[in-house]
Amino acid sequence: MKKGKAEEEWEKLSEEVIAGTSAWREKHPKATMREIEEEIDKRLSVMRARMIADTAMKSGSAEWEAGEKEAVCPECGGELLKKGKKKRKLETREGQEIELEREYGICLRCGHGIFPPR
Ligand SMILES: [Zn+2]
Numbered sequence: 021m022k023k024g025k026a027e028e029e030w031e032k033l034s035e036e037v038i039a040g041t042s043a044w045r046e047k048h049p050k051a052t053m054r055e056i057e058e059e060i061d062k063r064l065s066v067m068r069a070r071m072i073a074d075t076a077m078k079s080g081s082a083e084w085e086a087g088e089k090e091a092v093c094p095e096c097g098g099e100l101l102k103k104g105k106k107k108r109k110l111e112t113r114e115g116q117e118i119e120l121e122r123e124y125g126i127c128l129r130c131g132h133g134i135f136p137p138r
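Residues 21 to 138 in the working numbering are what the sequence shown lists, from first letter to last.
Now the structure itself:
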């Protein structure tokens, strides 16, 4: 299977996690289980946030942005008008902030504004 840009990026990140953890371990040979856990979580959370952002960008909204899918208002079923890309900040469960740039839509019927449909 051909790898996308996102997958290549993830691979690079995972290599950094592995190399970084090994280097850290050498400098902290007496680290406790808890310290090791914290260190690895910290490194993984960066990769995790990137993967969540990339995956979210690819789903549903991408089809809408590309004009392959009609989007309807989740409130009234009216047609959504594209209003251009807007930045949206999300926070992962681990407190990592992710910034997504997504198409924003306004409902022509009720005026409800949303980030793209799923
Ligand atoms: Zn509506």
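No residue lacks a Cβ here, since even glycine has one placed at the ideal position from N, Cα and C.
> Count the other CB atoms within 10 Å of the CB of Gly104; is the residue buried (16 or more) or exposed (fewer)?
Replying inline: The residue given as residue 104 occupies position 84 in the sequence shown. Gly104 is exposed by the Cβ-count criterion.
> Is Lys32 helix, strand or coil by DSSP?
Replying inline: Taking the first residue of the sequence shown as 1, we reach residue 32 at position 12. In the structure shown, Lys32 sits in a helix (DSSP, three-state: H, G or I).
> With distances taken from CA atoms, which of Ser34, Glu117, Lys23 and Arg63 is nearest Lys107?
Replying inline: Position 87 of the sequence shown, counting from 1, holds the residue named residue 107. Among Ser34, Glu117, Lys23 and Arg63, the Cα nearest to that of Lys107 is on Glu117.
>> Judging by CA-CA distance, which residue of Lys23, Glu95, Thr75 and Gly131 is the nearest neighbour of Glu121?
In response: Position 101 of the sequence shown, counting from 1, holds the residue named residue 121. Cα-wise, what sits closest to Glu121 is Thr75.
> In the structure shown, what three-state DSSP assignment does Gly133 receive?
Replying inline: Sequence index remark: in the sequence shown, residue 133 carries index 113 (1-based). Here Gly133 sits in strand by DSSP.
> Is Arg108 helix, strand or coil by DSSP?
Replying inline: Locating residue 108 in the sequence shown gives position 88, where the first residue counts as 1. Strand at Arg108.
>> Please report whether the beta-carbon of Ala69 lies at a distance below 8 Å from any beta-carbon of chain B.
In response: The structure shown contains no chain B; it is built from a single protein chain.
> With DSSP run on the structure shown, which of helix, strand or coil describes Ala26?
Replying inline: Your numbering for residue 26 matches position 6 in the sequence shown. Ala26: helix per DSSP, three-state reduction.
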